[in-house]
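The numbering of the sequence shown is the numbering used here, which starts it at 1423 and goes up by one.
Each residue gets a CB set at the ideal place from its N, CA and C atoms; glycine is no exception.
Predicted, not measured: the structure shown is a model, and the values here were computed from it.
Before any comments, here is the structure.
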Amino acid sequence: MLDNTELDALAARTLTYLHDTVGIHAAVSEWPDAEQLPYHLLEQFTCRTLQLGTTPVLLALDAQASRPRLADVGKAIRALRQRSNWPVLYVTGALAAYERKRLIAQRIPFLVPGTQLYLPELGIDLREYFPRALPAPNTPLSPSTQALLFRVLLGLDSTGEWRATDIGAHLGYTPMTVSRAIRELTGAGLVLDRRQGRTRWFHLADNPAECWERARPLLRTPVARRLWIASMPAEHRDMMAVAGLSALAERTALAAPEHPVWAISQQTWLRVQHQVAVLMEPEPGSMACEVWRYDPTRIHDAHAVDPLSLIVSLADVPEERVQMALENLRRQLPW
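The following block contains the structure:
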């Protein structure tokens, strides 16, 4: 929960923003009826009054260090509107692009200092410049970013918040790669952050199911190429994971393919390819080898690829039996 100093600073930035953008000179004062609010509203917001000309407005300063779900924000703002009988303006330090759009769709007035003011009851919808350093929301995720997102969605590192360095270390990524992944996920509105001292903590912008659905258009198959190989030397088998229809058959009632399917990372393939006989077509005892854009063995600790990568890798297979098995696999996801 934000302390009084942080809330006062948020209120001050609000006044500066109103003055600099729409020329409003205003002052914030205490709201005398605040003490009569239910506990859950008192815990969620610090309420102040703001006089816009002859119109009083109730400022609902977000007092939470990590924001609640937008559905809860909407319910709370409507409850404050009924109690005060004034326009209520939700004020927070940051909102992702998709969150701003969702609040506008719900006609929930909000203000983000330096970014946007939306107050439909007074006919105000002021949108400011947004930093261009973040990727466009519709830009496909890079392979490393996709791998990091899948590990977070599957809840393999934490139940809520995580540090980028921790999850990056497990995936074998450099700090530079992790930073780029975080920028992509933040720009896509999939991940939010908060600072606690010098530590930057990250969390999903919504529940895993909704983040997964919102991420779907940004995902690409991890498979860079498919090869037929005679076999893989035993000493390299731990660098591979069961993939494709073989992995889907292990998780569903789908019949296993005639030739087993395995996945290997591009980096590993470059190291071992000189020891492997590549075939022009399948032969008895051969296997299908998928060369992946990220390491299929690092997202989770199992002999087969993770379910999210598996779903994406087979999404374009037209066979009805495969799509039915994929639907069955989706129902097995942890959310």
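Residue i burial status per 10 Å Cβ neighbour count (16 or more: buried)
| i | result |
| --- | --- |
| Y1551 | Since pLDDT at Y1551 reaches only 40, below the 50 mark, its modelled position is unreliable, and no value is offered. |
| Q1504 | exposed |
| Q1568 | buried |
| Q1745 | exposed |
| G1666 | buried |
| G1445 | exposed |
| T1514 | buried |
| R1659 | exposed |
| Y1461 | exposed |
| V1700 | exposed |
| D1728 | buried |
| D1723 | exposed |
| T1436 | buried |
| E1457 | exposed |
| D1494 | exposed |
| R1648 | exposed |
| P1740 | exposed |
| E1742 | exposed |
| P1706 | exposed |
| R1554 | Residue placement at R1554 is flagged as unreliable, the pLDDT there being 39, under the threshold of 50; a coordinate-derived value is accordingly withheld. |
9 Å Cβ cutoff met for residue i and residue j
| i | j | result |
| --- | --- | --- |
| L1607 | L1541 | no |
| E1521 | G1609 | no |
| R1752 | R1642 | no |
| L1472 | L1464 | no |
| W1650 | M1702 | yes |
| W1634 | L1755 | yes |
| A1627 | A1485 | no |
| A1675 | A1747 | yes |
| W1757 | P1630 | yes |
| L1571 | A1591 | no |
| A1669 | A1726 | yes |
| Y1439 | L1511 | no |
| V1574 | T1587 | no |
| M1661 | V1694 | yes |
| I1526 | G1496 | no |
| Q1688 | A1646 | yes |
| P1535 | L1432 | yes |
Candidates the options: closest to residue i by CA position
| i | options | result |
| --- | --- | --- |
| S1653 | E1672, A1671, A1685 and R1622 | A1685 |
| L1451 | P1460, P1478, V1734 and I1721 | Residue identity check: residue 1451 is Ser in the sequence provided, not Leu. When each option's Cα is compared against that of S1451, the closest is P1478. |
| H1681 | G1577, M1709, Y1512 and P1454 | M1709 |
| R1720 | A1498, N1629, R1693 and S1566 | S1566 |
| P1704 | V1713, V1683, R1693 and H1722 | V1683 |
| D1455 | G1536, A1482 and A1431 | A1482 |
| W1584 | A1449, H1625 and P1740 | H1625 |
| Q1466 | H1447, H1441, L1429 and D1442 | L1429 |
| A1637 | T1561, E1749 and I1499 | T1561 |
Residue i - DSSP class collapsed to helix/strand/coil
| i | result |
| --- | --- |
| V1694 | helix |
| F1552 | Unreliable placement is indicated for F1552, whose pLDDT of 41 sits below 50; no coordinate value is reported for it. |
| E1452 | strand |
| Q1689 | helix |
| Q1528 | coil |
| L1755 | coil |
| R1620 | coil |
| T1477 | strand |
| Y1540 | strand |
| E1749 | helix |
| R1585 | coil |
| T1561 | coil |
| T1567 | helix |
| E1705 | coil |
Q. What are the start and end residues of each continuous beta strand (DSSP E) run of 3 or more residues lying completely inside the segment 1484-1527, in chain order?
A. Runs of the beta strand (DSSP E) inside the segment 1484-1527: 1510-1513.
(Q) Which runs of the beta strand (DSSP E) at least 3 residues long sit entirely within the segment 1590-1666? Give them in chain order. (A) Runs found: 1613-1618, 1621-1626, 1645-1651 and 1662-1664.
Q) Going along the chain, which unbroken runs of the alpha helix (DSSP H) with 4 or more residues stay wholly within the segment 1718-1746? A) Listed in chain order, they are 1729-1736.
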